[in-house]
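A.B. asks: Numbering (my numbering), first residue to last: 13 to 113.
Glycine included, each C-beta is placed from N, C-alpha and C at the ideal position.
First, the structure itself, so that you have it in front of you.
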């Protein structure tokens with residue numbers, strides 16, 4: 013996946029934030045979660061890592077590189093271009109579900 017050039021205006025400086033906690037209703041069991049997005053009326057199944065991303069990491073607006081860095085540090089892995097590309101893909105997918113903006 014090609015990421016935006018940090019010097020351009022095509023998204024590299026976007027700041028991502030989770031949907032309002034008031035708009036999300038959670039149900040968890042054995043490592044899986046369901047989140048109901050009140051504005052859309054849709055329920056999505058996510059893993060615990062995605063729940064952590066939405067509730068803790070994206071509680072405040074952050075650029076994708078900072079999200080990737082925080083997640084990498086929490087997992088004890090290097091902050092590589094592959095990690096950033098993976099996180100970028102997650103953010104884009106969550107945006108399509110209206111869970112981040």
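Using 8 Å as the threshold, is the segment 73-81 in touch with the segment 95-112, meaning 3 or more CB pairs across them?
C.D. replies: The answer is yes - the segment 95-112 touches the segment 73-81, with three or more Cβ pairs under 8 Å.
A.B. asks: Grab me the residues of residue 21's own chain with a C-beta within less than 8 Å of its C-beta, minus the 5 sequence neighbours each way, in chain order.
C.D. replies: One-based indexing of the chain shown puts residue 21 at position 9. Any reading at residue 21 must be qualified, since the residue scores a pLDDT of 49, below 50, and its modelled position is unreliable; the value itself is stated next. Excluding positions up to five away in sequence, the list is empty.
A.B. asks: Report the partner residues of residue 55 according to the DSSP bridge assignment.
C.D. replies: For the purposes of this step, residue 55 is identified with residue 43 of the chain shown, where counting begins at 1. In the DSSP output, where bridge partners are listed per residue, residue 55 has 48.
A.B. asks: Excluding the five sequence neighbours on either side, which residues of its own chain have a C-beta within less than 8 Å of the C-beta of residue 63, listed in chain order?
C.D. replies: To locate residue 63, count along the chain shown from 1; it is residue 51. Cβ within range, chain order: 38, 40, 45 and 47.
A.B. asks: Can you give the beta carbon distance from residue 28 to residue 96, rounded, assuming they're within the 8 Å contact cut?
C.D. replies: The count along the chain shown starts at 1 and reaches residue 28 at position 16. The count along the chain shown starts at 1 and reaches residue 96 at position 84. Between residue 96 and residue 28 the Cβ distance is about 13 Å, and since that is not below 8 Å, they are no contact.
A.B. asks: Out of 108, 31, 65 and 86, point me to the one whose CA is closest to residue 50's CA.
C.D. replies: On the chain shown, position 38 is the one that residue 50 refers to. Closest option to residue 50, Cα to Cα, is 31.
A.B. asks: Quick one: is residue 62 near chain D, going by C-beta distance under 8 Å?
C.D. replies: Within the model displayed, chain D is absent; a lone protein chain is all it includes.
A.B. asks: Taking the beta carbon of residue 89 as the centre, do at least 16 other beta carbons fall within 10 Å, making it buried, or is it exposed?
C.D. replies: As a working mapping, residue 89 is identified with position 77 in the chain shown. By the 10 Å Cβ count, residue 89 comes out exposed.
A.B. asks: Tell me the DSSP bridge mates of residue 37?
C.D. replies: In the chain shown, residue 37 corresponds to position 25, counting from 1. Answer by DSSP bridge pairing, in chain order: 48.
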